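> This is the structure, below, for whatever I ask next.
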Amino acid sequence: QRPLLQAPFLPPRPPRPIVGIPDPPLTDGEGPDSLFCYPLCADVLFVLQGGSSRVFAHKIYLATSCSKFYDLFTLDIGGLRTELSGEEKNGKENTKNGEEDEQSRRGAKEQAGRTKSLDIDKDGVDGGVRGLNRPQLLHQGSLRTSQSDNALPSRAQYSMGALGTGRALSGWGRGFLSVCLEHIDDPMTGRPRLMTVVAMDALIQEEPFKAVLQYLYTGSLDESRNDLMQVATIAELLEVFDLRMMVANVLNRESFMNQEITKAFHVRRANRIKECLNKGTFADVVFRLDDGCLPAHKPLLISSCDWMAAMFRGSFMESYIEEVSIPNTSVACMRGVLEFLYCGLLTPCPGLEPMELIILANRLCLPRLVALTEQHAVDELLQQATKGIDIDGQVLAYLELAQFHNSRQLSAWCLHHICTNYNSICRKFPKDMKAMSPENQKHFEKHRWPPVWFLKEEDRYLRSQKEREREEEILRKQHTKRGWCFWRHPSSSPHVS
Numbered sequence: 001q002r003p004l005l006q007a008p009f010l011p012p013r014p015p016r017p018i019v020g021i022p023d024p025p026l027t028d029g030e031g032p033d034s035l036f037c038y039p040l041c042a043d044v045l046f047v048l049q050g051g052s053s054r055v056f057a058h059k060i061y062l063a064t065s066c067s068k069f070y071d072l073f074t075l076d077i078g079g080l081r082t083e084l085s086g087e088e089k090n091g092k093e094n095t096k097n098g099e100e101d102e103q104s105r106r107g108a109k110e111q112a113g114r115t116k117s118l119d120i121d122k123d124g125v126d127g128g129v130r131g132l133n134r135p136q137l138l139h140q141g142s143l144r145t146s147q148s149d150n151a152l153p154s155r156a157q158y159s160m161g162a163l164g165t166g167r168a169l170s171g172w173g174r175g176f177l178s179v180c181l182e183h184i185d186d187p188m189t190g191r192p193r194l195m196t197v198v199a200m201d202a203l204i205q206e207e208p209f210k211a212v213l214q215y216l217y218t219g220s221l222d223e224s225r226n227d228l229m230q231v232a233t234i235a236e237l238l239e240v241f242d243l244r245m246m247v248a249n250v251l252n253r254e255s256f257m258n259q260e261i262t263k264a265f266h267v268r269r270a271n272r273i274k275e276c277l278n279k280g281t282f283a284d285v286v287f288r289l290d291d292g293c294l295p296a297h298k299p300l301l302i303s304s305c306d307w308m309a310a311m312f313r314g315s316f317m318e319s320y321i322e323e324v325s326i327p328n329t330s331v332a333c334m335r336g337v338l339e340f341l342y343c344g345l346l347t348p349c350p351g352l353e354p355m356e357l358i359i360l361a362n363r364l365c366l367p368r369l370v371a372l373t374e375q376h377a378v379d380e381l382l383q384q385a386t387k388g389i390d391i392d393g394q395v396l397a398y399l400e401l402a403q404f405h406n407s408r409q410l411s412a413w414c415l416h417h418i419c420t421n422y423n424s425i426c427r428k429f430p431k432d433m434k435a436m437s438p439e440n441q442k443h444f445e446k447h448r449w450p451p452v453w454f455l456k457e458e459d460r461y462l463r464s465q466k467e468r469e470r471e472e473e474i475l476r477k478q479h480t481k482r483g484w485c486f487w488r489h490p491s492s493s494p495h496v497s
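Next up, the structure:
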């Protein structure tokens, strides 16, 4: 009796690598809060307290966080010189008729100068709140429709500007006086830059107003402020009702409820930002790509990408030109990058090549976008494999490109697929496998599955099994012949009586 043959042990198939997504990086550089404090590429100037204070900001942040600012920045303020002239005449007539009532507070010359400098309607003169101590309105927690009684700086500085386009806002919304377009020196670079200049009512104080704007940038509120009532008043004035609710929660010692408000704020703003990207609203730069152009927004790019922040700073040409060329990039690929920078998500669109997006994301130093694209590429390959589509050729095409462009997780996944399907891929793509780099070939030899030693053992086992089967067949035949030699037919046996 011979021992049985034992089949070699096949080690289990190595599991597929899991593509991990890193956490969003901490904004230690040009985040929204830092961008508000150091307004690089600002395109809005707020004139406060009769021109004594100026606050720079960015349209895209304010408009996507506050409907009032969206309506303001989408107003048609061009081609309105005739309308303004009519308002100026009405203002002068109204000033003349109400001169006796107003003379107790200011002289006729100051009154006429104010009307001439602002080009606002008659409400700018007579629409003020009379009989009240006006600086106390903010401290009382309310601010009625009012206009400043103090004359703002000259029209050449804040109103019509060199471009001659502007509009009065006294009847449009509380707290606003006028809006115009002007060339203003950039506060960071010193270069003249076209900005929207908004003159605000003198009652709006600088620090509470900045707190409201900072909330529109970051979605957070400093709960330790001493002027929360003034912040709430200005928030209500600008129709930032979620901020007013946050202040109420703080005053009622229910600050824990503000977390949900902040989450809703970011979701709502992300949707509006994506809408602005699709429509090109408030865009201040255009990317020229291989198959077209794509408008974008410098403030959002600066606050979410160090590479973009470096490019749009004052030391580079791109900081003051309106069109930036990015060669070897498609519109679909660049749109994927912009959506990630704006919303922090990857939304694959038709025509998007994962490898092209990985290459661009690596150029822009965006490791999280690289990981998201790697995950998208792997999901696509697995879906095709589930449908019965051969993905071996695509994996071979991905491998060395992924290795060259620092796509480590995708290259690891491709190496695993090739190693676990090594024999079949070698039969289908012998030239491509031989053209692989020496490092990859060494990796295949070391990590191929089934391993070489198993194949050798399996071959030896099969050969031994065939040899034993052949020996057993010979023994069986010999046993059969021996049985035939001693066999006798029953009819030939002698009859025993």
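In terms of UniProt numbering, the sequence shown has 452 at position 452, counting the first letter as 1, and numbering is strictly consecutive. From the three backbone atoms N, C-alpha and C, an ideal C-beta is built for every residue, glycine too. Note that this is a predicted model, so its numbers are computed, not measured.
#1: If you run the structure through DSSP and keep just helix, strand and coil, what is phenylalanine 9?
#2: So, under 8 Å CB-CB, cysteine 276 and threonine 64 are touching, yes? Tell me the CB distance rounded to an integer number of Å.
#3: With distance defined between alpha-carbon atoms, name the residue in Leu341, Val395, Cys426 nearest to proline 25.
#4: For glycine 173, which of Glu182, Asp227, Arg191, Ile234 has the nearest alpha-carbon?
#5: Under the assumption that alanine 42 contacts proline 187 (Cβ atoms under 8 Å), give the Cβ distance between them as a whole number of angstroms.
#6: Between the C-alpha atoms of histidine 405 and isoleucine 359, what's the straight-line distance to the nearest angstrom?
#7: Run through DSSP, which three-state label would cysteine 180 get?
#8: Using only the alpha-carbon positions, how far apart do methionine 334 and arginine 13 sit?
#9: Following the continuous alpha helix (DSSP H) through leucine 243, name the residue where it begins and the one where it ends.
#10: Quick one: grab the DSSP three-state call for glutamate 339.
#11: Compare the beta carbon distance of isoleucine 302 and leucine 45 with 9 Å and say whether it is the shorter of the two.
#12: Can you look up valine 19 in the DSSP assignment and give me helix, strand or coil?
#13: Count Cβ pairs between the segment 373-385 and the segment 424-434 that sit closer than 8 Å; are there 3 or more?
#14: Whose C-beta lies closer than 7 Å to the C-beta of leucine 5 among residues of the same chain, with five residues either side of it excluded?
#15: Using the Cα positions of leucine 401 and serine 319, report the straight-line distance between them to the nearest angstrom.
#16: Taking the C-alpha atoms as reference points, what is the distance between proline 153 and threonine 189?
#17: Taking buried to mean at least 16 other C-beta atoms within 10 Å of its own C-beta, is arginine 2 buried or exposed?
#18: Assign proline 22 to one of two classes, buried (16 or more other C-beta atoms within 10 Å of its C-beta) or exposed (fewer than that).
#19: Taking arginine 268 as the reference, which of Arg193, Val370, Thr218 has the closest Cα?
#20: Run through DSSP, which three-state label would cysteine 293 get?
#21: Helix, strand or coil for serine 319, going by three-state DSSP, please let me know.
#22: Could you give the residue range of the beta strand (DSSP E) that holds glycine 166?
#23: Which of helix, strand or coil does DSSP assign to leucine 346?
#24: Buried or exposed, going by whether 16 or more other CB atoms sit within 10 Å of the CB of serine 148?
#25: Name the DSSP bridge partner or partners of threonine 196?
#26: Are there three or more Cβ pairs, one per stretch, closer than 8 Å when the segment 433-448 is compared with the segment 411-419?
#27: What is the DSSP secondary structure of phenylalanine 429, counted as helix, strand or coil?
#28: Quick check on the burial criterion: 16 or more other C-beta atoms within 10 angstroms. Buried or exposed for tryptophan 413?
#29: Do valine 324 and valine 285 have their beta-carbon atoms positioned less than 9 Å apart in this structure?
#30: Could you give the residue range of the beta strand (DSSP E) that holds alanine 371?
#31: Check proline 14 in the structure and name its three-state DSSP category.
#32: Between which two residues does the alpha helix (DSSP H) holding alanine 402 run?
#33: Going by alpha carbons, who is nearest to glutamine 49 out of Ser255, Ala202, Ala264?
#34: Would you identify the three-state DSSP class for arginine 54, choosing helix, strand or coil?
#35: Following the continuous alpha helix (DSSP H) through isoleucine 60, name the residue where it begins and the one where it ends.
Let me spell this out:
#1: For the purposes of this step, residue 9 is identified with residue 9 of the sequence shown, where counting begins at 1. Residue state, collapsed to three classes: coil.
#2: Position 276 of the sequence shown holds residue 276. Position 64 of the sequence shown holds residue 64. Taking a contact as a CB-CB distance under 8 Å, the pair cysteine 276 and threonine 64 counts as one, their CB atoms being some 6 Å apart.
#3: Here the question's residue 25 lines up with position 25 in the sequence shown. The shortest Cα separation from proline 25 among Leu341, Val395, Cys426 belongs to Leu341.
#4: As a working mapping, residue 173 is identified with position 173 in the sequence shown. The residue with the shortest Cα to Cα distance from glycine 173 is Ile234.
#5: In the sequence shown, residue 42 corresponds to position 42, counting from 1. In the sequence shown, residue 187 corresponds to position 187, counting from 1. For alanine 42 against proline 187, the beta-carbon gap comes to about 6 Å, under 8 Å, which counts as contact.
#6: Against the sequence shown, residue 405 aligns to sequence position 405. Against the sequence shown, residue 359 aligns to sequence position 359. In a straight line, the C-alpha of histidine 405 is about 6 Å away from that of isoleucine 359.
#7: Translated into the one-based positions of the sequence shown, residue 180 becomes position 180. Three-state DSSP puts cysteine 180 in a strand.
#8: Taking the first residue of the sequence shown as 1, we reach residue 334 at position 334. Taking the first residue of the sequence shown as 1, we reach residue 13 at position 13. Roughly 39 Å separates the two Cα atoms.
#9: Working through the sequence shown from its first residue, we reach residue 243 at position 243. From DSSP, the alpha helix (DSSP H) with leucine 243 extends over 241-251.
#10: Along the sequence shown, one-based indexing puts residue 339 at 339. Assigned with DSSP and collapsed to three states, glutamate 339 falls in helix.
#11: In the sequence shown, the residue the question calls residue 302 occupies position 302. In the sequence shown, the residue the question calls residue 45 occupies position 45. Against a cut-off of 9 Å, the Cβ pair of leucine 45 and isoleucine 302 comes out as no contact.
#12: As a first step, residue 19 must be located in the sequence shown, where it is residue number 19. Assigned with DSSP and collapsed to three states, valine 19 falls in coil, not helix or strand.
#13: Not touching, per the Cβ criterion.
#14: The residue labelled residue 5 in the question sits at position 5 within the sequence shown. Its chain contains Tyr461, Ser464, Gln465, Arg468 as the residues whose beta carbon lies nearer than 7 Å to that of leucine 5, once the 5 sequence neighbours on both sides are disregarded; these appear in chain order.
#15: Counted from its first residue, the sequence shown places residue 401 at position 401. Counted from its first residue, the sequence shown places residue 319 at position 319. The straight-line gap from Cα to Cα measures roughly 32 Å.
#16: As a first step, residue 153 is located in the sequence shown; it is residue number 153 there, counting from the start. As a first step, residue 189 is located in the sequence shown; it is residue number 189 there, counting from the start. Residue confidence is low: proline 153 scores 35 on pLDDT, short of 50, so the model does not pin down where it sits. Its coordinate-derived value is still stated next. Rounded to whole angstroms, the separation of the alpha carbons of threonine 189 and proline 153 is 24 Å.
#17: Along the sequence shown, one-based indexing puts residue 2 at 2. Burial call: exposed.
#18: In the sequence shown, residue 22 corresponds to position 22, counting from 1. When all chains shown are included, proline 22 counts as exposed.
#19: Sequence index remark: in the sequence shown, residue 268 carries index 268 (1-based). Of the candidates Arg193, Val370, Thr218, the residue whose Cα lies closest to the Cα of arginine 268 is Thr218.
#20: As a first step, residue 293 is located in the sequence shown; it is residue number 293 there, counting from the start. Here cysteine 293 carries a strand assignment [DSSP, helix/strand/coil].
#21: The count along the sequence shown starts at 1 and reaches residue 319 at position 319. Serine 319 falls in the helix class under three-state DSSP.
#22: On the sequence shown, residue 166 is found 166 positions in, with the first residue counted as 1. Where glycine 166 is concerned, the enclosing beta strand (DSSP E) stretches over 166-168.
#23: In the sequence shown, the residue the question calls residue 346 occupies position 346. In the three-state reduction of the DSSP assignment, leucine 346 falls in the coil class, being assigned neither a helical nor a strand state.
#24: For the purposes of this step, residue 148 is taken as residue 148 along the sequence shown, with counting starting at 1. Note on serine 148: pLDDT 31, under 50, position unreliable in the model; the coordinate value appears next. Residue environment: serine 148 is assigned as buried (16 or more neighbouring CB atoms within 10 Å of its CB, all protein chains considered).
#25: As a position in the sequence shown, residue 196 is number 196, starting the count at 1. Threonine 196 is bridged by DSSP to Val44, Leu181.
#26: The segment 433-448 vs the segment 411-419: in contact.
#27: Translated into the one-based positions of the sequence shown, residue 429 becomes position 429. The three-state secondary structure of phenylalanine 429, taken from DSSP, is coil.
#28: In the sequence shown, counting from the first residue as 1, residue 413 sits at position 413. Tryptophan 413 should be labelled buried.
#29: Looking up residue 285 in the sequence shown gives position 285. Looking up residue 324 in the sequence shown gives position 324. In this structure, valine 285 places its C-beta atom within 9 Å of the C-beta atom of valine 324.
#30: The residue you call residue 371 lines up with position 371 of the sequence shown. For alanine 371, no beta strand (DSSP E) encloses it; the enclosing alpha helix (DSSP H) starts and ends at 367-386.
#31: For the purposes of this step, residue 14 is taken as the residue at position 14 of the sequence shown. Correct three-state label for proline 14: coil.
#32: By 1-based counting over the sequence shown, the position of residue 402 is 402. From DSSP, the alpha helix (DSSP H) with alanine 402 extends over 392-404.
#33: Taking the sequence shown and counting its residues from 1, the one referred to as residue 49 is at position 49. For glutamine 49, the closest alpha carbon among the candidates Ser255, Ala202, Ala264 is that of Ala202.
#34: Within the sequence shown, the letter at position 54 stands for residue 54. For arginine 54, the secondary structure class from DSSP, reduced to helix, strand or coil, is strand.
#35: In the sequence shown, counting from the first residue as 1, residue 60 sits at position 60. Note, isoleucine 60: alpha helix (DSSP H), 59-65.
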